[in-house]
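Chains as they are written, first to last, in our numbering: chain A, 1 to 236; chain B, 1001 to 1236.
Note that the Cβ used here is the ideal one computed from N, Cα and C, for glycine as well.
What you are looking at is a predicted structure, and each value in this text was computed from that prediction instead of being measured.
Each remark here refers to the structure printed beneath this line.
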DNA sequence: AGTGGCCAAGTGGCTGAGCCACTTTGCTGC
DNA sequence: GCAGCAAAGTGGCTCAGCCACTTGGCCACT
């Protein structure tokens, strides 16, 4: 009900112009390499100033959708002016956990496998440290959230794969939420700690298959715990 | 040597302004919530017109680094004006194949598993169609590139995981290159086709473990073929 | 036929002045 | 105190204009 009182949308003119340009490119079937109408003409036909048209074009330029040649016109780079939706936004919209947990399992089992293959002594030291941190917290009756986070981050680092690390980073926030809930379940911190130990030992031993298997088992129990309290409508 | 004849860099004014603003925010220790100087003042101190300052601010606004309040000033959203590096750019810089192939294996085995669990009849029809397309091309002595692409896209679609699909999309270009090279190896198209068949049958049978295993086997042979001709220095 | 100089038209780059809309601030009068 | 209001400050947008660059056509020269 307070829905009606949310801040009014106050669209900037240049945003509307960007929208119109996307529309124009789509409807007129413009493709890569085609030239947009001149700024002066666009301004006149849209009924706005040239400055606003220019701001809109700057937006498209920054997004890499358009190439502006001084004195030569403005050209489409791709077949469309639709911006590729940033991963972060998609994650936001798709807050639904299952997707995230699936992606996490896919990537992190691979990360464990790679970590077993590539970990350096320094990587192992960080892993040991993270595990010790979590162990101490759990002994003191804490949930071990920070230690858990550090352990998984250390595994990611030890895998030495910039691309997978980047993907993990983009769902880190969602994983953090699930971690909080999971570790608040009674008995969970101790079991989680034990599972971490098995992962670490496999990584230390340089056994990729064992590491992947241990990580998979760990993540599946986490996912189970988390999904027990989850319902599709509960988008929190 | 032809390095000297590459296109001249002709930086836009607004880009320089953006750079100056980032610098200013960093050097003056501006943090989230702090207000930028007024547009008129910035224009005067930078010695540029207000329009150029505004274009720069539009850039920062589009990148979500700054919030502009009509009549109230322009405020930093985060503690820095440095743009988070988009995944696409990272992929570009990290053109090195191993990373990409690792990520691909991690995600696509999971996709195969999910596809076996969730595929609808319509999904199966698309998979059948893609496989038939590839089979026909291979029979005619072609490489079957397009059919291969469609098959893997169909598996991704059948998994019904928007997040993994998005991740796949962001490395699609690199995968495409590797696909071209792989399928150009003599004998590869036929073997690849057979492997696709096994994947499809596991998905049709609704056997997640078999589907994941078949996909993993397929991707590992592809990676092997590709990596034989790859060397770290060859960044092409 | 090819080359380079030249010019005019078209287009983007950028400016300055100006007005409007909105927010913030602080004074005024109760 | 405090509500109301006016002024100052700030961003939104426009207009008119000049400059810089690209393109294409024409021409003189080789």
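*Between the segment 1161 to 1178 of chain B and the segment 1057 to 1075 of chain B, do three or more beta carbon pairs fall short of 8 Å?*
no
*Are the Cβ atoms of residue 209 (chain A) and residue 1105 (chain B) separated by less than 9 Å?*
Between residue 209 (chain A) and residue 1105 (chain B), the CB-CB gap reaches or exceeds 9 Å.
*asked:* Between residue 109 (chain A) and chain B, is the shortest Cβ-Cβ distance under 9 Å, so that the two count as touching?
replied: yes
*Roughly how far, in whole angstroms, is the beta-carbon of residue 77 (chain A) from the beta-carbon of residue 1170 (chain B), given that I think they are within contact range, below 8 Å?*
Not a contact, Cβ separation roughly 17 Å.
*Would you kindly check if the distance between the Cβ of residue 1165 (chain B) and the Cβ of residue 1123 (chain B) is under 9 Å?*
In this structure, residue 1165 (chain B) does not lie closer than 9 Å to residue 1123 (chain B) by Cβ.
*Give the single residue among B:1039, B:1084 and B:1051 whose Cα lies nearest to the Cα of residue 1068 (chain B).*
B:1039
*Let me know the secondary structure DSSP gives residue 90 (chain A) once reduced to three states.*
helix
*Below 7 Å CB to CB, which residues in the same chain sit around residue 1130 (chain B) once its five sequence neighbours on both sides are set aside?*
1147, 1150, 1151 and 1154
*Just reading off the alpha helix (DSSP H) that residue 1047 (chain B) is part of, what are its end residues?*
Note, residue 1047 (chain B): premise wrong, no alpha helix (DSSP H); not H, not E.
_Under 9 Å by beta carbon: chain B residues contacting residue 224 (chain A)_ = The premise fails here: residue 224 (chain A) is roughly 16 Å from chain B at the closest Cβ pair, so nothing lies under 9 Å.
*Can you give the Cα-Cα distance for residue 1017 (chain B) and residue 1042 (chain B), rounded to whole angstroms?*
Going from the Cα of residue 1017 (chain B) to the Cα of residue 1042 (chain B) covers about 9 Å.
*Going by Cα to Cα distance, which pick from A:136, A:29, A:181 and A:189 is closest to residue 97 (chain A)?*
Per the Cα distances, A:181.
*residue 1173 (chain B) versus B:1223, B:1219, B:1091 and B:1118, residue with shortest Cα-Cα distance*: B:1091
*asked:* Helix, strand or coil, according to DSSP, for residue 1156 (chain B) in the structure here?
replied: Correct three-state label for residue 1156 (chain B): helix.
*Can you have a look at residue 7 (chain A) and say buried or exposed, based on whether 16 or more other CB atoms are within 10 angstroms of its CB?*
In this prediction, residue 7 (chain A) scores a pLDDT of 47, lower than 50, which makes its location untrustworthy; the coordinate-derived value is nonetheless stated afterwards. Result: exposed.
*Exposed or buried, residue 1144 (chain B), counting other C-beta atoms within 10 Å across all chains shown (16 or more means buried)?*
buried
*Might you give, ordered along the chain, the residues of its own chain that have their beta carbon closer than 6 Å to the beta carbon of residue 1101 (chain B), omitting 5 neighbours on each side?*
Contacts found: 1223.
*As assigned by DSSP and simplified to three states, the class of residue 1033 (chain B)*: coil
*asked:* On the CB-based measure, 16 or more other CB atoms within 10 Å of its CB, does residue 1190 (chain B) come out buried or exposed?
replied: exposed
*asked:* Short of 6 Å in beta carbon distance, which residues of its chain neighbour residue 32 (chain A), apart from the five on each side in sequence? Order them along the chain.
replied: 76, 78 and 79
*In the DSSP assignment, find the unbroken alpha helix (DSSP H) run with residue 1108 (chain B) in it and report its ends.*
1097 to 1118
*When DSSP builds the beta bridges, which residues end up paired with residue 66 (chain A)?*
A:76
*Taking Cβ positions, are residue 1066 (chain B) and residue 1081 (chain B) nearer each other than 9 Å?*
In this structure, residue 1066 (chain B) lies near residue 1081 (chain B), with their beta-carbon atoms less than 9 Å apart.
_Can you give me the C-alpha to C-alpha distance between residue 1063 (chain B) and residue 1084 (chain B), rounded to a whole angstrom?_
Straight-line Cα distance between these residues: approximately 9 Å.
*Taking the alpha-carbon positions, what's the residue 1161 (chain B) to residue 35 (chain A) distance?*
37 Å
_Limits of the alpha helix (DSSP H) - the one that residue 1199 (chain B) falls within_ = 1188 to 1205
*Going by other Cβ atoms of all chains shown within 10 Å of its Cβ, with 16 needed for buried, is residue 1241 (chain B) buried or exposed?*
As shown, chain B starts at 1001 and ends at 1236. That puts residue 1241 (chain B) outside it, with no answer to give.
_So for residue 1185 (chain B), helix, strand or coil by DSSP?_
coil
*Residues of chain A with CB under 8 Å from residue 1055 (chain B), in chain order?*
54, 55 and 58
*To the nearest angstrom, how far is it from the Cα of residue 1211 (chain B) to the Cα of residue 54 (chain A)?*
52 Å
_Quick check on residue 132 (chain A): buried or exposed, where buried means 16 or more other Cβ atoms within 10 Å of its Cβ?_
exposed
*Between residue 103 (chain A) and chain B, is there a C-beta pair that is closer than 9 Å?*
yes
*asked:* Residues of chain A with CB closer than 9 Å to the CB of residue 1075 (chain B), please, in chain order.
replied: By Cβ distance, chain A contributes nothing, its closest Cβ being about 15 Å from residue 1075 (chain B), past 9 Å.
*Starting from residue 170 (chain A) and walking both ways along the alpha helix (DSSP H), at which residues does that stretch end?*
162 to 170
*Taking the C-alpha atoms as reference points, what is the distance between residue 1121 (chain B) and residue 185 (chain A)?*
39 Å
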